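Protein chains in written order, with our numbering: chain U, 282 to 621; chain R, 282 to 621.
To start, the structure itself, in structure tokens.
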DNA sequence: CTGTTAGCGCTTTCAC
DNA sequence: GTGAAAGCGCTAACAG
């Protein structure tokens with residue numbers, strides 16, 4: 282940190298609630314009531330106050346309000362290297378939803394393993410994105426914080442804390458059924474990162490439907506990936522370099538599906554003519570590659586909105602916090618050009 | 282908002298600085314000094330205090346500290362639909378850098394046009410991402426806030442406020458020289474969104490080098506894009522559907538370059554055999570498509586770190602704020618598979 | 001419907 | 001090197 286800490290000799294203006302009260306000829310308390318939209322205030326009084334607020338360009342002091350209300354009006358967002366598309370989509374939803382209730386988002390980068398959570402922030406609630414939502418150290422740290430929290434697409438069910446999920450298994454099952462309906466019999470599968478519950482669920486959905494359809498799963502067509510583009514490249518090569526190969530590959534996310542398409546091209550295979558490729562999530566990349574990817578759209582934005590909503594409800598209403606109402610979102614099959 | 286607002290009957294723990302002081306047998310003031318790492322305190326005292334802090338699991342109240350210090354320790358980040366890759370990269374840098382000085386980032390979504398900036402947050406400084414950094418209403422609103430701000434890759438030079446830029450013109454020039462060195466003579470260009478200065482600069486760099494090399498610019502090979510994948514698809518079609526076409530296309534960002542590759546494929550052209558395509562930014566998509574894109578890497582993370590650094594310096598030191606030291610970052614040509 | 005009093009938890013200032 | 005008093009700007013709780 283640099284030098285002397287003398288603050289604000291020119292920053293920050295300074296009209297306080299007292300100034301507004303004086304200008305409007307009322308008490309600070311009345312100003313406070315107007316600002317907090319309490320319905321009791323007379324219309325006339327309200328207007329006087331609002332005028333004074335405008336004249337003085339008054340902006341309430343967040344810290345003072347927080348201190349008095351014993352609330353920070355901040356929600357912490359714990360993340361750790363999600364794909365760019367995922368986090369940016371999530372942020373859009375969460376920021377918009379928080380704004381309505383005057384909540385702001387504070388970002389905390391949480392490389393799992395490091396338990397350096399919340400060095401000193403005081404937030405009213407916390408949202409944990411995968412895979413942080415499954416890091417036990419982080420969860421413990423958040424619980425010690427004593428604030429409500431929401432876990433997004435978590436793996437293990439954990440006593441407290443609300444969970445916002447999608448039914449990964451059902452969604453994966455739907456995708457495999459789609460492939461079978463298309464006439465595919467030999468279907469390859471690229472698994473997701475083993476540190477995420479979604480990976481197991483998606484695989485389970487895949488296997489369930491294959492079994493259901495009486496189709497044997499060729500274990501050498503099921504390979505480990507890690508949700509990254511690179512890992513998809515490797516996995517696809519393993520599957521496609523065999524003399525016999527599947528007619529379709531279901532990758533556990535879009536990045537790996539995109540990589541599979543690229544690998545297919547490299548090996549001289551046309552998509553979808555020679556090989557059908559499908560992904561999961563419907564992140565940006567799904568519409569960016571060529572051919573565009575058939576995938577399972579995860580309603581990330583809606584999930585973010587729900588997370589913020591529920592969190593605010595829990596912050597306001599302790600009862601709600603006692604009996605969290607987990608919610609599960611449904612995915613939508615988005616058919617594009619990579620399947621046939 | 283839901284129901285009654287009775288707070289924290291079970292959330293929030295509660296050890297205050299007084300409790301710590303009592304436990305350590307010192308005054309609150311001494312605890313404060315220890316916590317703020319003021320060097321005056323005796324080692325013995327310091328240790329007593331630290332032990333009490335640990336025992337009580339004390340975490341300082343951010344709001345109280347902010348109120349007393351007249352500082353929020355929050356930095357606002359104003360954004361408006363940047364590409365996912367851009368914002369997520371920027372966030373990584375900014376969050377990490379802020380952490381070192383106990384600053385946190387608060388996100389504000391600022392659809393330009395709407396001047397709904399900072400409904401009520403009080404931040405110590407503001408970072409404006411493009412294109413918000415060029416929205417005059419937003420700039421005015423931020424100036425009225427009375428806090429220092431940094432603009433990232435801004436268009437018009439504006440009196441106050443620090444600017445973190447790259448030399449778009451020079452970078453674009455370098456890319457065009459690279460293409461010429463590769464033997465290309467007929468080079469197409471897809472412009473960026475006209476609301477961003479970077480677009481004009483990149484085009485200027487393109488034209489300068491073409492002129493420098495004595496190569497005429499075919500105006501029908503220069504078409505308008507808007508930085509989106511879709512706009513790139515359209516632009517590329519315009520250029521490539523002619524009977525004669527350029528041997529190389531320089532798109533003003535990666536999304537449009539990726540779209541150009543896709544469009545080329547659709548038209549039966551091989552990249553780079555039949556057509557060289559290059560982009561700008563080196564965002565995620567550049568390594569995600571096939572063939573991977575040759576592009577100009579913009580050091581987004583470093584720029585984010587610099588922005589936070591400078592902002593904190595300005596917050597702490599008014600003198601620094603008087604004479605902002607703008608900084609310009611250099612880009613790096615990343616050669617991949619889409620050029621030849 | 002509006003005002004008064006007190007205090008949130010911390011830090012500043014000034015003593016000692 | 002440490003402590004006591006006062007106050008940051010706001011709102012809860014109570015009066016009236």
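Backbone N, C-alpha and C define an ideal beta-carbon position, used for all residues, glycine too.
This structure is a prediction, so every number in the text was calculated from the model and none was measured.
By the criterion of Cβ-Cβ separation under 9 Å, what are the contact partners of residue 588 of chain U in chain R? Within 9 Å Cβ-Cβ: nothing; residue 588 of chain U doesn't reach chain R, min ~15 Å.
Should residue 368 of chain R be flagged as near chain U, meaning a C-beta pair shorter than 8 Å? yes
Report the rounded CA-to-CA distance for residue 617 of chain U versus residue 366 of chain R, giving the unit in angstroms. 23 Å
Expected contact under 8 Å - CB spacing of residue 536 of chain R and residue 566 of chain R to nearest Å: 6 Å
For residue 562 of chain U, which of U:580, U:527, U:555 and U:545 has the nearest alpha-carbon? U:580
Length of the line joining the Cα atoms of residue 287 of chain U and residue 350 of chain R: Confidence at residue 287 of chain U is low in this model, with a pLDDT of 35, below 50, so its placement is unreliable and the value that follows should be read with caution. Between residue 287 of chain U and residue 350 of chain R, the C-alpha separation is close to 10 Å.
From the beta carbon of residue 337 of chain R, is the nearest beta carbon of chain U less than 8 Å away? no
Between which two residues does the alpha helix (DSSP H) harbouring residue 424 of chain U extend? 417-426
Measure the CB-CB distance between residue 538 of chain U and residue 529 of chain U and report whether it falls below 8 Å. no
Helix, strand or coil for residue 288 of chain R? Go by DSSP, reduced to three states. Confidence at residue 288 of chain R is low in this model, with a pLDDT of 38, below 50, so its placement is unreliable and the value that follows should be read with caution. Coil, per DSSP.
3-residue-minimum beta strand (DSSP E) runs that sit fully inside the region 424-507 of chain R, ordered along the chain: 430-433, 443-447 and 468-471
Would you say residue 566 of chain U reaches chain R, if we count a Cβ-Cβ gap shorter than 8 Å as a contact? yes
Cβ shell of residue 570 of chain R (< 7 Å), same chain only, five flanking positions each side left out: 539 and 542
Give the secondary structure of residue 379 of chain U by DSSP, where H, G and I count as helix, E and B as strand, and everything else as coil. helix
Reduced DSSP category for residue 404 of chain U - H, G, I as helix; E, B as strand; rest coil: coil
Measure from the C-beta of residue 322 of chain U to each C-beta in chain R and report whether the shortest distance is under 8 Å. no
Classify residue 327 of chain R as helix, strand or coil using the three-state DSSP reduction. helix
Could you check if residue 506 of chain U is buried or exposed, using at least 16 other CB atoms within 10 Å of its CB as the buried criterion? buried
Who are the neighbours of residue 347 of chain U on chain R, taking C-beta pairs under 7 Å? 344
CA-CA distance, residue 312 of chain U and residue 343 of chain U? 15 Å
Take the Cβ of residue 558 of chain U as the centre, count every other Cβ of all protein chains shown within 10 Å, and call the residue buried at 16 or more, exposed below. buried
Nearest residue (CA-CA) to residue 427 of chain R, options R:416, R:442, R:415 and R:433: R:442
Stretch pair the region 316-325 of chain U + the region 372-384 of chain U: three plus CB contacts closer than 8 Å: no
Please tell me whether residue 373 of chain R has its Cβ less than 8 Å away from any Cβ of chain U. yes
Only counting the same chain, and skipping five residues up and downstream in sequence, which positions put a Cβ closer than 6 Å to that of residue 508 of chain U? 473, 474 and 534
What residues in the region 377-388 of chain R have a beta carbon less than 8 Å from any beta carbon of chain U? 377, 380, 382, 383, 385, 386, 387 and 388
Against chain R, with Cβ distances strictly below 8 Å, would residue 546 of chain U count as a contact? yes
Beta-carbon neighbours of residue 517 of chain R, restricted to chain U and to distances below 7 Å: Those do not exist, as residue 517 of chain R stays about 11 Å from chain U at its closest Cβ, beyond 7 Å.
First and last residue of the beta strand (DSSP E) that includes residue 578 of chain R? 576-578
Just the chain U side, please: which residues come within less than 8 Å of residue 542 of chain R by C-beta, in chain order? 571
Chain-ordered chain R contacts of residue 353 of chain U [CB-CB under 8 Å]: 343 and 344
Does the count of Cβ pairs from the region 488-502 of chain U and the region 442-460 of chain U closer than 8 Å reach three? yes
Counted within 10 angstroms of its Cβ, other Cβ atoms place residue 527 of chain R as buried (16 or more) or exposed: buried
Beta-carbon neighbours of residue 430 of chain R, restricted to chain U and to distances below 9 Å: By Cβ distance, chain U contributes nothing, its closest Cβ being about 10 Å from residue 430 of chain R, past 9 Å.
Go ahead and pull the three-state DSSP assignment for residue 610 of chain R. strand
Residue 417 of chain R, buried or exposed, once every other Cβ within 10 Å from all chains shown has been counted against 16: exposed
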